[in-house]
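Only one structure is covered here, and it is reproduced in the block below.
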Amino acid sequence: MPVPDTAIDSSSEDLVVYAPSKLNLFLHVIGRRQDGYHILQTAFQLLEYHDELHFSPRPDDRITLRCIRACPPALIDDAALEALNSPDNLICKAARSMQAQFAIPRGPTSSCTSA
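By full-length UniProt numbering, the letter at position 115 of the sequence shown is numbered 115, and the numbering carries on one by one without gaps.
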């Protein structure tokens with residue numbers, strides 16, 4: 001099943017983004033760039049799954065995120081799910097960075113549904 005295209009609803013300010021899933025066959029950190037990011041050596045296989053990200057503008061500058069796992073409860077690690085809902089999640093970090101870079105006064109209400 002292919003990953004759907006990003007959807008922008010012209011009748012609202014909502015945005016839906018589909019992020020394809022992949023399986024790392026191997027992943028080696030082989031160095032660090034001057035900007036602090038790691039240099040990686042990897043091979044991966046794209047999967048027929050995707051995360052679905054929903055963004056809606058808030059009336060204030062707060063950034064909220066709710067992560068949802070769409071799998072059987074027995075497969076959910078509570079500690080991992082709690083970490084996903086952390087303000088340190090990359091979705092929240094990216095939203096904060098965009099707010100600062102583009103002087104955006106409103107924050108998003110965000111949700112991420114993972115297969």
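In this text, a Cβ means the ideal position worked out from N, Cα and C, and glycines have one as well. As the structure is a computational prediction, the values presented were derived from the model and not from experiment.
Non-local beta-carbon contacts of I63 in its own chain, meaning distances under 8 Å to residues more than five positions away in sequence, involve P87, C92, A95, R96, Q99, G107, P108 and S110 in chain order. A distance below 8 Å separates the beta carbons of S114 and R69. For I68, the enclosing beta strand (DSSP E) covers residues T64 to R69.
Check the Cα spacing between H54 and each of I30, I76 and L15: the tightest is with L15. It is roughly 35 Å from the alpha-carbon of N24 to the alpha-carbon of R58.
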